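Structure first, commentary second.
In UniProt numbering, the protein residues as written are 1 to 406.
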């Protein structure tokens, strides 16, 4: 996204501001489609950026929903149920029933445990409704079930005729440092699926797999997205199991389309060290792997200066904590109060993983941009202080003590 366009957004909306470039989002998804060559579908994990849910639903095959809040987002956006995968390690029985009552058998569900299996089976039996499910295979953590449990479920599938096993779901983590692990996981899944089919005499139609493709955020990191997609494509082609594959991703599809803009509000020097204070902070932007600004993310400065003194700055946010450091030793030419720092690759998790409620600061505005449609405000500034104080609730209890009157 060119600086002239970003500066238009600064004038229009001010800072702090998130900008999500829909054209760049589409470009990334198109790249995956092209490189995969039809060998796998795409599922967008909406937790990476809930703002992009509607746009991603239009260009990917599926949206992964992992909470009741995400379910409500999809319901309000009227996302087609056929495009929804209900996932998540915790599904309360009442939540399961609420979702099932709304979508019934129109979407797909993951099963993470025996408790979830029984809850879904009971609802289906009571409502005479067939639903399609993925059995989630654990990768050695709290998610999913072990191979033996899944095998037993497949063996006993006829005992629950309303639960149609559609496939296996597998995810082992994000930001993998080596694609060798991805290749090993494909080989493991290939062997698991083949053995499961042979021992159960049941065809597993689909595999939903989260490869955890890394996204480079910092200087010195290689951008190997095309190479990594090719590795995945080759791994799929080498599999003996020949069912359908859907790649579940969030970061890899969304990171590149996002920008976080924050204004320089103060510049000072202490003990020979240059500090730049901005109106944002770590409560509004988070890069995976960043620790107190030790790594230098990709960023630009508006307006851009090509002449003047270049100094190294420690860029700090507006929070009252020494941990609020966005960058250390960021070399910037002729930095002035009023300049805007533009942090790139902030389209996934960057806006949701910060400690938003700390100090009761406002949530920043967020905007969409596309060359064809122009600008659209996606969220106004939201005050958060009310979430850090008691509600005015009359529950009939005596509260003089709690109000400090005793």
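Glycine included, C-beta positions come from ideal geometry on N, C-alpha and C.
Owing to the predicted nature of the structure, the values given are computational and were not obtained by experimental measurement.
- In this structure the segment 312-321 touches the segment 331-345; the number of beta carbon pairs closer than 8 Å is three or more.
- Under the three-state reduction of DSSP output, residue 69 falls in the helix class.
- The beta carbon of residue 222 lies closer than 8 Å to those of 216 in the same chain, with the five residues before and after it left out.
- Of 45, 32, 358, the smallest CA-CA separation from residue 388 is found for 358.
- In this structure, 10 is the residue among 283, 205, 64, 10 with its C-alpha nearest to the C-alpha of residue 377.
- Each of 220, 144, 248 was checked against the Cα of residue 45, and the nearest Cα belongs to 248.
- Here residue 281 has 317, 318, 319, 324 as same chain residues with Cβ atoms under 6 Å from its own Cβ, once five neighbours each way along the sequence are excluded.
- Between residue 187 and residue 102, the alpha-carbon positions lie close to 38 Å from each other.
- Using a Cβ distance threshold of 8 Å, residue 229 and residue 61 do not count as a contacting pair.
- Within a 10 Å sphere around the beta-carbon of residue 269 sit fewer than 16 other beta-carbons, which makes this residue exposed.
- DSSP places residue 103 inside the alpha helix (DSSP H), whose first and last residues are 93-103.
- Boundaries for residue 370: no alpha helix (DSSP H) harbours it, while the beta strand (DSSP E) harbouring it runs 365-370, taken from the DSSP string.
- In chain order, 236, 245, 246, 247 place their CB closer than 7 Å to the CB of residue 40, counting only its own chain and leaving out the 5 sequence neighbours on each side.
- Here residue 196 is not near residue 170, since their CB atoms are 8 Å or more apart.
- Counting along the chain, the unbroken beta strand (DSSP E) around residue 275 starts and ends at 273-278.
- Inclusion of residue 365 and residue 17 in the CB contact set at 8 Å is warranted, their separation being smaller than that value.
- In terms of Cβ geometry, residue 107 and residue 129 do not form a close pair [threshold 8 Å].
- Using a Cβ distance threshold of 8 Å, residue 25 and residue 52 count as a contacting pair.
- DSSP lists 341 as the bridge partner or partners of residue 262.
- In the DSSP assignment, residue 361 forms no beta bridge with any residue.
- Residues of the same chain with a CB within less than 6 Å of the CB of residue 210, apart from the 5 flanking positions on each side, are 171, 248 in chain order.
- The closest CA to that of residue 123, considering only 255, 322, 158, 97, is found on 97.
- Using a 10 angstroms sphere on the CB of residue 256, the tally of other CB atoms reaches 16 or more, which defines it as buried.
- The DSSP-derived three-state label of residue 133 is strand.
- Between residue 233 and residue 35, the alpha-carbon positions lie close to 8 Å from each other.
- Here residue 303 is exposed. Its C-beta has fewer than 16 other C-beta atoms within 10 Å.
- Residue 287: not part of any alpha helix (DSSP H); DSSP gives it neither H nor E.
- For residue 314, there is no enclosing alpha helix (DSSP H); the residue is part of the beta strand (DSSP E) that begins and ends at 310-316.
- Cα atoms of residue 19 and residue 306: separation of roughly 25 Å, rounded to the nearest angstrom.
- The beta carbon of residue 66 lies closer than 6 Å to those of 47, 87, 88 in the same chain, with the five residues before and after it left out.
- Counting the other CB atoms within 10 Å of its CB gives residue 279 a total of 16 or more, which places it among the buried residues.
- The C-beta of residue 379 has fewer than 16 other C-beta atoms within 10 Å across all chains shown, which makes the residue exposed.
- Between the C-alpha atoms of residue 134 and residue 238 there is a straight-line separation of about 23 Å.
- For residue 261, the closest of 154, 367, 95, 28 by C-alpha to C-alpha distance is 367.
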